[in-house]
Structure formats: structure tokens, C-alpha cells
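**Student:** Structure in C-alpha cells, see below.
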């Protein structure tokens, strides 16, 4: 284990996760002090950037997964056919 | 008359000299021609500078304006930095083709009329195809043919539009049009094909990843962005562009999420980023058009940087799949660092050029009360971080230990990447030089505390989503079907069935009337059937095609005169 690069050690990864959670909490908490000016309505809600960003990503990943079931093919799908 | 030489001419001369020289002299030409061009670009004043007679028209070879100089500047700069990146590794003919391709792009920038625009447009199509072919593989060859067919088709459609406009209005001027009749629709479609708009976005992700690692750096810069400039000049405020651009944004994200090939991920993200610019042109207000131009400038730099980073990885590992890469940060810290900066810039992280440019487009949408568009852009900003901002560096440089221990980038590639890193961060911290080059004078302050907080929340929570959803994004050894399936599979199958049917029916008929089914039947089978590799159904060398075109044209001219 001592040969592992410090960045990939379990302990480092745990610290990175803790760091990420702290940063995320601070970013949402900061909205008590910094006013985010609403542009279009819903973006005036508390922590809009946080929840909208998170949900958008989940939706996009799920949509990609579903589309993937239809459009994914073997890497060699075209290689036998292409003769141009 | 020629009051000054067209800036594109320096690059054309450069391309010729590169083809004729070798070694240090070639490198000197490669690096000095773009700098001379850059100087020439900044000597072009506003208004028409150089004209020339062409057929019955007076064409305007050089017309200056702020937005034209802005695009030409970034094209010339990319040619210089790309040359620095490529000169020790790329083949001479690739460098020569790349410079001629850049000349086409700079030529389009200063084209004062539709005829000049079209001529340089086609110039780009030809030499970009040569850059793809310089990849040298069978994949590059066939992708290059498909690319050329698509772009020549786009060129023909653009030409139909231009001729219609010229015939019906009598003017060859470049001016703002609306897509409200056949002619203008044809022009718009011709330009949108180059912008990789639906339904033909697939040409981009098909062709760019097949070029050499150095070639795709050049390819990422010119074609789609000259299309954006053409849209800014010809179709500002054309509202259908808002929806076409929105589609491109979402398509780019979804297909990039599905992709395993590193450069193809970046190719899909070009479509996504150009989508932002197309939306901005569709909004059409001064702020939106400024946003489109500024974003194009910033995008060319960070996308070039990402392709450079990916290029070093592919060159040193021979691998291009996410599933085969990983853990390269250990031995490639410079390449990883530069790739991460490019990834942060494309994600519009504060303090990068993406933040100071792309946010203009969202503000322009909000100013026009385009609520749905604003939400699409916000969701897409999160999605960009997801599909390119984290996905690219994560799978290439971290993820797992692939066991690969490649060397880091050589000095020239590192230097080229650091120049672009400097621009990405420089314009993020101090965007005023870019703002001063924009087409409309603006008062735009990107760093309002509320806005910075909003984007940080958006991006960091996208990051959280990425790592929580990693199990759902496990890389598979797959490609994703796209609309190119229609021309690579379906049309071919239809042709096979039809030609087979024609052959068998003809053979039957010929057999009936007993005229010797061997001769005609064999003729058809020989020339039209796929299964026999028939003459009309197989690939021909360009020389033969060129010869036949020359024969047909000669016959046509002969016929015309008698």
C-alpha cells in the first residue's frame, strides 16, 4: 500500500469527500449573506443553483442511459460495412 | 482596387512555402506566416478595403469590421499556437493543408460579399478534408470522404441560396437576412451544415476524431466558428436559431455522456458549445451577439487546449478510449494540468474565459424574457461540467490506474498548451481586452457576487451529481448511433436492394427476349452491384473522379459552343 500515490489512497479520498461536502455546504450557506438576483422567477428560490444543477445532471444522466439502450452498438458496428 | 493585401494571402503563401520547404525553414514559415497574418488583420480598417472584378460583379475581397477582426484574430492565433504544438510531429502536408484551411477561414472573415464568402467557404472544405486524410488511417480515409461529401453538399446548398438572392435582389452584399423565402432558407441551411446543426451534426463527431492528434487541434477551430460568424453577419436575430441551438446544446451533452472515445467526447462538446453561440445569434440583441462572438473566441482557445491535451495522451499511449486510460496524472502532470484548465474554462468556472463570455448569453436571454431558453442554458451549463468539465479529465487522468506510464508532453506541445492556459485564465481574470474587440460597445460586469455564487453552486453540485452517479456512467466498448446511420447504412442498403432488383429483373427480361443475358446482365452486375464491388458502387481514387469530371465538363463546354 505504501507504493500508492498519495492522491489515490483511501484516506485522501475520504478527505476529498469531506472537503467537497464542506464546500457544498458553505456555497449554499453563503446565500444567507449574498443575494442572488432572480432573472426569470424560479431562480429566486433558495439554493436554486445547487438543486437545479444537481437535478439537471441527474435527469441528463438518466436520459442518456435510456437513449443509450436504443443507440449503443458494438465499436465494430460500422467497420465491416465502411468501404467508402 | 487592392489598397492592401488580403490577410488570408499570407496564410496561402505560407501554406505553399510549407509544402516546398523542410526542417527549420519550414518551422520558420509555419510560425511566422500566422504572425504576419495577425499583423495584417489589425491593419484592416472598417469598411471595404479591397475590391476586384469577377464576372459582371465587383467583389469585395476585404471588408473590415470589429467582429470580422475578432474572428480573424483568433483564427490566426490558433494557427500560430497549433503550428507550435504540431511542428515536430505532424507531416509536412498536414501542416500545409492546415494553414490553407486557416487561410479559408480568415478569408471568410473578411469577405465583403456573398461570392467571396462562398469561394473561401469551399476553400475551407477542400483543405479541411486534406487535414482529416492526413490522419493516414483507413478510418481517416473513409471519414474524410463522408466529411467531404457533406461539406460539398452544404456548399452546393449555400450556392443555390446565394444565387437565388443575387438573381432576385441584384445584390451580392453581405447583409442581415431573415429566413423567409427559398433563397434565404437555402443560405441558412448551407451555413448550418457547417455549424454541425441537426440533423447532420454527426459529420463532426465522425470526422474530427479520425484526424491525427495534431490535425484535430486545427479542425476544432475553424469550420464551425466561421459558420457562427456567417450567422452573425447574415442571420442575426433569426428566431429559429434559438431552437436549433438549444437542440445542439442538449444533443452534444447526451451523446458525449454516452461516448467512450476521448476525442469524440470533445467533438460532441463542440456541437454543444456551438449550440450556445447559435442560440445567441438567434436572440440577436447587441449583448447576445457580443456573447456569441466572445464565446466563439474563448471556445476556440479552450477547445484547442482540450484537443491538445487529448492529443498528447493519444500520441504517447496509442489509446483513445476512456476505458483503456486512467491514472495518467502520475507521469503527465503538465498535460493533466492543461487539460483541467481547459475543462474548467469550457465549464465556465469563475476566473476562466468561459465564465466571462458564456454568461453574456444567459443574461441576454433573461433580458429578452426568454424564460425557457434561460433554463435550458442553465441546465446546459451544469451539463457541460458533467460531460466535458469532469468527464474528460476524470477518465483520462484519474479514474483508475490503467498501468500506463507515458512521458509528459514535449517542450513545444507544453509551450503551446501553456499559451492557451494563459489566455483561458487571463481572459477570465481580465476580460477587458476581449470586450474591447466585441462588435458592440458594452457595459458588462461578469463578477457580481450573486452571479458568481449561483454558478459555483450550479457547477459544484453538478460535480457532486457526477461522482454519485459514476456507477451509472460505467464506460462500455460501444459507439452510439447517430443520424449518420442513415447515409452509412440505410441508404446503402436501399441502393443494394434496388440495384440488385434492377439487375435481376433486367437479366430476366434479357433472358426472355433472348438477346444474350450474359452481355447486358453482366454489364449491370459489373457496374452497379455492391456484392460484386461494381464500378458504380465502389470507391474510386480522386484522380479518376477528377478525370471524369474534367471529361464531362469538356463535353459540356463543347456542347455549349456548337
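Residue numbers (my numbering), protein chains in the order written: chain A, -12 to 71; chain B, 23 to 584. C-beta atoms are modelled at their ideal positions from N, C-alpha and C, and glycine is treated no differently.
Measuring only the C-alpha atoms, how far is residue 438 of chain B from residue 445 of chain B?
**Tutor:** 11 Å
**Student:** If we define contact as Cβ-Cβ less than 8 Å, is residue 286 of chain B a contact residue for chain A?
**Tutor:** no
**Student:** Do the CB positions of residue 368 of chain B and residue 51 of chain A come within less than 8 Å of each other?
**Tutor:** no
**Student:** Write down the C-beta distance between residue 488 of chain B and residue 419 of chain B rounded to the nearest angstrom, noting that I regard them as a contact closer than 8 Å.
**Tutor:** Actually they are not in contact, since the Cβ atoms of residue 488 of chain B and residue 419 of chain B sit about 15 Å apart, beyond 8 Å.
**Student:** Which whole-angstrom value describes the C-beta separation of residue 230 of chain B and residue 289 of chain B, a residue pair presumed to lie in contact below a C-beta threshold of 8 Å?
**Tutor:** 5 Å
**Student:** Whose Cβ in chain A lies nearer than 8 Å to the Cβ of residue 276 of chain B?
**Tutor:** 47, 50, 51 and 54
**Student:** Check each candidate in B:254, B:546, B:548 and B:92 and name the one with the smallest Cα separation from residue 65 of chain B.
**Tutor:** B:92
**Student:** Quick one: does residue 49 of chain B have its CB under 8 Å from some CB of chain A?
**Tutor:** no
**Student:** Taking Cβ-Cβ distances shorter than 8 Å, what residues in chain C pair up with residue 24 of chain A?
**Tutor:** The structure shown contains no chain C; its protein chains are A and B.
**Student:** Please indicate yes or no: does the CB of residue 32 of chain A lie closer than 7 Å to some heavy atom of the ligand NAD?
**Tutor:** Ligands are entirely absent from the displayed structure, and the ligand NAD is therefore not among its contents.
**Student:** Which stretch, first to last residue, makes up the alpha helix (DSSP H) that contains residue 3 of chain B?
**Tutor:** Because chain B is modelled from 23 through 584, residue 3 of chain B falls outside the range shown and cannot be assessed.
**Student:** In whole angstroms, what separates the C-alpha of residue 135 of chain B from that of residue 78 of chain B?
**Tutor:** 14 Å
**Student:** Buried or exposed for residue 457 of chain B, going by 16 or more other Cβ atoms inside 10 Å?
**Tutor:** buried
**Student:** On the DSSP bridge list, what partners appear for residue 69 of chain B?
**Tutor:** Note: residue 69 of chain B sits in a beta bridge opposite B:86.
**Student:** Between which two residues does the beta strand (DSSP E) harbouring residue 429 of chain B extend?
**Tutor:** Segment: none, residue 429 of chain B is in no beta strand (DSSP E) and carries neither H nor E.
**Student:** Keeping to the same chain, check which residues put their C-beta closer than 8 Å to that of residue 428 of chain B; ignore five residues upstream and five downstream.
**Tutor:** 335, 338, 339, 350, 353 and 354
**Student:** Determine, using beta-carbon pairs with one atom in the stretch 43 to 56 of chain B and one in the stretch 138 to 157 of chain B, whether at least three such pairs fall under 8 Å.
**Tutor:** no
**Student:** Nearest-angstrom Cα distance between residue 464 of chain B and residue 107 of chain B?
**Tutor:** 35 Å
**Student:** So, are the CB atoms of residue 450 of chain B and residue 384 of chain B less than 8 Å apart?
**Tutor:** no
**Student:** Are the Cβ atoms of residue 23 of chain A and residue 41 of chain A separated by less than 8 Å?
**Tutor:** no
**Student:** Ignore the nearest five residues each way along the sequence and tell me which others in residue 181 of chain B's own chain have a CB closer than 7 Å to its CB.
**Tutor:** 140
**Student:** Indicate the three-state DSSP secondary structure (helix, strand or coil) for residue 159 of chain B in the structure shown.
**Tutor:** coil
**Student:** Roughly how far, in whole angstroms, is the beta-carbon of residue 320 of chain B from the beta-carbon of residue 379 of chain B, given that I think they are within contact range, below 8 Å?
**Tutor:** 4 Å
**Student:** Secondary structure at residue 257 of chain B, three-state DSSP: helix, strand or coil?
**Tutor:** coil
**Student:** Quick check on residue 2 of chain A - is its C-beta less than 8 Å from some C-beta in chain B?
**Tutor:** no
**Student:** The stretch 30 to 42 of chain A: which residues have C-beta closer than 8 Å to a C-beta of chain B, in chain order?
**Tutor:** 30, 34, 35, 36, 37, 38, 39, 40 and 41
**Student:** Go ahead and pull the three-state DSSP assignment for residue 497 of chain B.
**Tutor:** Residue state, collapsed to three classes: coil.
**Student:** How many angstroms separate the CA atom of residue 208 of chain B from the CA atom of residue 10 of chain A?
**Tutor:** 51 Å
**Student:** DSSP three-state label for residue 70 of chain A, please.
**Tutor:** With a pLDDT of 49 at residue 70 of chain A, under the threshold of 50, the modelled position of this residue cannot be trusted; read the value that follows with caution. Residue state, collapsed to three classes: coil.
**Student:** Between the stretch 153 to 180 of chain B and chain A, which residues of the former have a C-beta closer than 9 Å to a C-beta of the latter?
**Tutor:** 160, 161, 163, 164, 165, 167, 168 and 171
**Student:** Return helix, strand or coil for residue 164 of chain B, following the three-state DSSP convention.
**Tutor:** Judged by DSSP in its simplified three-state form, residue 164 of chain B adopts helix.
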